[in-house]
Amino acid sequence: METLYMKSDVLFAETKRLILRPFEQEDFEEWRKGFDGRKPSQYKYDDGFREMPNATKDWFEKWIAGFKDSAARDEMYHLGIFRKEDGANVGKVELIRILRMDYHWAMMGYSIHNQFWKMGYGIESVEAAVKMFFDALGYHRIELQIRPDNVPSIRLAERAGFQYECIRKGFSNENGEWTDYSIYYKNGD
Numbered sequence: 001m002e003t004l005y006m007k008s009d010v011l012f013a014e015t016k017r018l019i020l021r022p023f024e025q026e027d028f029e030e031w032r033k034g035f036d037g038r039k040p041s042q043y044k045y046d047d048g049f050r051e052m053p054n055a056t057k058d059w060f061e062k063w064i065a066g067f068k069d070s071a072a073r074d075e076m077y078h079l080g081i082f083r084k085e086d087g088a089n090v091g092k093v094e095l096i097r098i099l100r101m102d103y104h105w106a107m108m109g110y111s112i113h114n115q116f117w118k119m120g121y122g123i124e125s126v127e128a129a130v131k132m133f134f135d136a137l138g139y140h141r142i143e144l145q146i147r148p149d150n151v152p153s154i155r156l157a158e159r160a161g162f163q164y165e166c167i168r169k170g171f172s173n174e175n176g177e178w179t180d181y182s183i184y185y186k187n188g189d
């Protein structure tokens with residue numbers, strides 16, 4: 001069973017095999033290993049291995065400082081997914097506020113480095129993150145915005161209990177082209 005809580009005002013979740021928490025300066029090496037260990041792209045929406053010459057420790061520290069500021073303003077929460085047995089960074093999950101007021105509505109994203117696929121880390125981390133975002137942050141609705149042909153992401157969403165809602169036509173401008181997105185949602189209690 002998972003443990004979900006705020007640890008010193010820091011979002012934190014623990015499952016049988018994983019820890020979800022904000023990145024810290026000391027995570028640079030594991031974060032870098034996660035990217036450096038990627039296999040070549042496995043399908044259209046997998047970036048696969050890529051050179052990252054500008055991803056220095058100084059850059060990383062500034063990058064995570066921006067996430068801490070965003071979390072303090074309740075705008076975005078960016079959490080690393082770490083394997084308990086060895087501290088490996090297997091991916092990340094993020095929550096972006098859409099609207100609080102009477103809605104408590106946010107969008108969630110997730111990504112697992114492809115060398116860690118087919119090990120159950122995706123479903124384990126998404127289920128823990130959703131529960132944490134509902135319980136610790138008080139969100140009522142979390143939605144996923146997924147390209148309609150991103151079958152692996154849709155399967156994960158459905159396994160995690162998200163329900164299909166609609167297609168938003170021309171929803172996002174990507175590379176100069178307005179693209180459609182499938183919307184999946186989950187409501188809290």
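Letter by letter, the sequence shown follows residues 1 to 189 in UniProt numbering.
Glycine residues also receive a C-beta, built at the ideal position from the N, C-alpha and C atoms.
Cβ atoms of Asn114 and Arg38 come within 8 Å of each other, at about 5 Å.
The C-beta separation of Phe162 from Tyr185 comes to about 6 Å, placing the pair in contact by the 8 Å criterion. In the displayed model, Gln145 falls within a strand according to three-state DSSP. In the three-state DSSP reduction, Asp36 falls in the helix class (H, G or I). By the beta-carbon neighbour count (other beta carbons within 10 angstroms, threshold 16), Ala72 is exposed. For Phe49, same chain residues with a beta-carbon under 7 Å away, outside a window of 5 residues either side, are Arg38, Lys39, Pro40 in chain order.
In the structure shown, Trp117 falls within a coil segment according to DSSP collapsed to helix, strand and coil. Ser111 is bridged by DSSP to Lys92. The C-beta separation of Leu144 from Ala157 comes to about 5 Å, placing the pair in contact by the 8 Å criterion.
Per DSSP, reduced to three states, the secondary structure at Phe171 is strand. For Val10 and Gly109, the gap between their C-alpha atoms comes out near 19 Å. Per DSSP, the unbroken alpha helix (DSSP H) holding Glu61 starts and ends at 57 to 72. Here the segment 11 to 29 makes contact with the segment 123 to 134; the two share three or more CB pairs at distances below 8 Å. In the structure shown, Arg83 falls within a strand segment according to DSSP collapsed to helix, strand and coil.
Taking all protein chains shown into account, Lys92 has 16 or more neighbouring C-beta atoms within 10 Å of its C-beta and is therefore buried. Per DSSP, Ala160 lies in no alpha helix (DSSP H) segment and is marked neither H nor E.
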